Each structure stands twice: as structure tokens, then as C-alpha cells.
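With the UniProt record's numbering as the guide, the letters of the sequence shown map in order to residues 1 to 254. Glycine included, each C-beta is placed from N, C-alpha and C at the ideal position. Small disclaimer: the values here were computed from a predicted structure and weren't measured. Shown next, in C-alpha cells, is the structure this report addresses.
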Amino acid sequence: MPDTVVMASNEADANTVNEHSQELASLVGRVTALETAVVNAARGDTGLDEATTALSDFAAKDLRPRLEVAKTVLFPAAAKVDRARLLVEGLLGEAHVIGQLLDRVTGPVADPVQAAADARGLRVLLEVFFGKVSDLLLPALAEDSATSLTDIIPDNPLPDADEPAQSHGHAGCSCGEHDDYEPELDVREIPHAIRHATVFGAFDTVAPGNSMILIAHHDPIPLLHQLADRSGGRIQVEYEERGPEAWRLRLTRV
């Protein structure tokens, strides 16, 4: 999802594009962290049930409702805009494929290899799908003076940062053990406009006592301040690498 300058017909629609794009970026961050948990659990043969359950819950409670809103509300409105009509046709096809994957990740787990493949496939498809919605569809609607994007898109707040998803393993327990694997998010290739929202989404999946690895191209001090604010200060930061090519940090929810 490259950085985009939105030429909206009014300020309200421009703000809606930005807010919705941030929300979609947060969803990508969350599914990336959950995918990592499933893949790592499948490789290690431990914690697979917990990891797949966390992904299944997220798919059912967060992804599927948003996909339905897109198909029933956003896409019909966009189909009336000439420059968006062909794009909508393509997105409907992608939404159908994503829906099939959602059926699989919310169903019984056949085997670890298939679970990992489904998790990875879902993340890849969502990155592409949400990228097109954020960078192409929403700006097209915002530029159309006959369309009120603010009226079309319902209010879908981001998940509460104080209620992280229980990703897997010993999440939230006091047994003193931690997961063998940690979600890893490399933000160096993520566009600046959605970088923080993507990290917020990933950290939302980290349960108390667990950690994630963040890789950045510089010391992300402003981002760390925002994470501390969102988590009520319940975050511990450990630097594993300090440049020059990459900064690697372990973020623990405490």
C-alpha cells in the first residue's frame, strides 16, 4: 500500500479515507502476527490449537464482518462511479476467494501444513485486497463529488488496545513460561502513512507476558511512545539490534 495523496471532493471524505486506510492497515498487522504464530506452531508441533483458534476467532469476529460490509455496502456504491466499476468487479472476485479462505481458517484444522498454508495465503490475499481498497477504491469514491464516502462507510472502530487477542501458548497466565516463537513484523517496506497502524494491529495480538519482534530502519521512538499510550504503559522494550541497517526490538506486553 504505497503512500497516496488523496484528492477528495471535501475534507470529511479525505479524513474518512485516511481513517479507514489506517483501520485496514491495523487489520493487516494483526493477521500478520497471527499468521506468524500459526506458521511457527506448525513448525514446532506445539501450540497449534491455540494459534489456529486465535486466527479463527479473528477471522470470524473481525475479518468476515468487514468483508461483508465491503460486498454489501461499499462495492455497490462504488459500482455507480465510472472509474471504479472495473475495479469493483475485480475486488468482488478477490473477496470471494478470501471468503473461501475464511471458511477454511474458521473450520476444523486438517493438519499443520495446511493450517500454515491457509494462514499465509489469507495474509497475502488481505494485503493485496486491502491495499487496492485503500489506494484505489476509497480515493476514487472520495474524488467523486456525487458520492459521500462518509455516509457510505459505517463506523467500524479498531479493536480496543486494552483487550489484546489471545494469540497462543501461555497468553495471560502467570506460570512464568513464554511462547517459544514470537510474531515478527518488518516495517521497513511498509509505507510510512500506514506503518504505525500496522504495528498497532500486530501488538494488539500480543497477550500479557508475551512479546513480538519489530524490525525498523531507524530507532522508532515516536512509535514506541504511541504504543505506550495505547497500552496504558504496559509495554517493555528491549533493543536486540541498533542499526545501522536495521533496528530490531522486542516488544513485551506487561
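Report the option in the options whose CA atom is closest to the CA atom of residue i.
i, options, result
"residue 39", "183, 100 and 99", "183"
"residue 120", "232, 236 and 34", "34"
"residue 210", "46, 252 and 103", "252"
"residue 105", "152, 244 and 63", "63"
"residue 191", "131, 205 and 56", "131"
CB-CB under 6 Å to residue i, same chain, minus the five flanking residues each way: which ones, in chain order?
i, result
"residue 83", "140"
"residue 186", "215"
"residue 127", "28"
"residue 22", "197"
"residue 246", "215"
In chain order, what residues of the same chain have a beta carbon less than 8 Å from the beta carbon of residue i, not counting five sequence neighbours either side?
i, result
"residue 88", "75, 78, 79 and 137"
"residue 91", "70, 75, 129, 132, 133 and 137"
"residue 254", "208, 209, 234, 235 and 236"
"residue 213", "182, 183, 184, 185, 240, 248, 249, 250 and 251"
"residue 125", "94, 97, 98 and 101"
Tell me whether the beta-carbon of residue i lies closer than 8 Å to the beta-carbon of residue j.
i, j, result
"residue 30", "residue 201", "yes"
"residue 51", "residue 60", "no"
"residue 134", "residue 223", "no"
"residue 54", "residue 48", "no"
"residue 16", "residue 235", "no"
"residue 250", "residue 238", "yes"
"residue 217", "residue 188", "yes"
"residue 12", "residue 205", "no"
Looking only at its own chain, which residues have a Cβ that is under 7 Å from the Cβ of residue i, when we skip the five neighbours before and after it?
i, result
"residue 81", "140, 141, 144 and 147"
"residue 115", "38, 42, 48, 52 and 109"
"residue 56", "105 and 106"
Would you call residue i buried or exposed, if buried means 16 or more other Cβ atoms sit within 10 Å of its Cβ?
i, result
"residue 72", "exposed"
"residue 267", "The requested residue 267 does not occur in the structure, where the chain is confined to residues 1 to 254."
"residue 220", "buried"
"residue 103", "exposed"
"residue 111", "exposed"
Inset, instruction - Take every Cβ of the segment 97–108, pair it with every Cβ of the segment 64–71, and state whether three or more of those distances are shorter than 8 Å. - result: yes
Legend entry - Cβ contact (3+ pairs, closer than 8 Å) linking the segment 192–207 and the segment 223–235: yes
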